[in-house]
Amino acid sequence: MNAKAQSNAFKIIVMVILLAMIGTFSYMLLKGKEEKMGVIKKAPDFKLENIDGKQVGLTDLEGKSKLVYFFFSTCPDVCPPTTYSLSKVQDELIKKGVFGDKTAIVSISFDPTKDTIAQLKEFSGRYHADPKGWYFLRGDEAATMDLANKFGVMVVKDQQGNFTHNNVILLVDKKGDLRTYYNGNDADLNIDRIVQDMITLSKE
């Protein structure tokens, strides 16, 4: 198979995976809405490196409602504005006095080659991330991409090293159950709703 044919085959595979993931995501999102944030499934656990060099896992955040977002810092389009939205969520949670002890944000990079600890420190600094409650994590590329898929987030890397991913924010309750998704591409993403959802789950 020549290079052009391989490239076309890869594009077809990506499209098939993307459509499958969109279908799964849409079903889960609708299911979550219908059940008023009923449990979608148990969130997969992990152990990844934080920017302070310590290992952080989902079990370390038990007792807190948390947002989980898969990204890469050199993303040319959706990741920066979505991270900015997360910074607004953080600011509101801080104002309400619940950030860090009752709520948290977890941003997981699936591009450890470029997203070194130094790079993630710089990136998190752009959004005045408070380290007491906002964790920027990194780990093995293949394992992190697999983790994203287990969460229901599609991540695909092409032959040129470019990533494709669906841009969703996941809400996990203090018991580690996945409760709902938010569309990070939504121009009208409701920050107040996300904040209220997190506070509500932190009281369950």
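Residue numbers are given in numbering that gives the first Met the number 0: position 187 of the sequence shown equals residue 186, and the series is strictly consecutive.
For every residue, glycine included, the Cβ atom is placed at its ideal position computed from N, Cα and C.
From Glu61, Asp44, Ser108 and Gly132, residue whose alpha carbon lies closest to that of Tyr68: Ser108
Quick check: Leu146 and Ile39, are their CB atoms within less than 9 Å of each other? no
For Thr199, count the other beta carbons within 10 Å of its own beta carbon; 16 or more makes it buried, fewer makes it exposed. Which is it? exposed
Arg178: first and last residue of the uninterrupted beta strand (DSSP E) it sits in: Asp176 to Asn182
Per DSSP, which residues does Ile168 bridge with? Please list them. Tyr68 and Tyr181
Can you tell me whether DSSP reads Lys120 as helix, strand or coil? helix
Report the partner residues of Gln54 according to the DSSP bridge assignment. Glu48
Sequence-distant residues of its chain with Cβ nearer than 6 Å to Val154 (five each side left out): Phe109, Met144, Ala147 and His164
Those residues which DSSP pairs with Ser201 across a bridge: None, per the DSSP bridge assignment.
Which term fits Asp187, buried or exposed, when burial requires 16 or more other beta carbons within 10 angstroms of its beta carbon? exposed
Please work out which residues of its chain come closer than 8 Å, Cβ to Cβ, to Glu61, disregarding the five sequence neighbours upstream and downstream, and give them in chain order. Lys173, Lys174 and Gly175
If you draw a straight line from the alpha carbon of Pro130 to that of Leu85, how long is it in whole angstroms? 14 Å
Of the residues Met36, Phe45 and Asn49, which one's Cα is nearest the Cα of Ser123? Asn49
Could you name the residues that DSSP lists as bridge partners for Pro154? Per the sequence shown, the amino acid found at residue 154 is Val instead of Pro. Paired residue(s): His164.
Looking only at its chain, what residues have a beta carbon closer than 7 Å to the beta carbon of Asp114, apart from the 5 residues adjacent to it on each side? Phe71, Ser72, Ser108 and Arg137
Suppose contacts are defined by Cβ-Cβ distances below 9 Å. Is Asp139 in contact with Pro111 by that definition? yes
When you compare only the Cα positions, how much space is there between Phe45 and Leu57? 6 Å
Rounding to the nearest angstrom, what Cα-Cα distance links Lys53 and Asp191 in this structure? 31 Å
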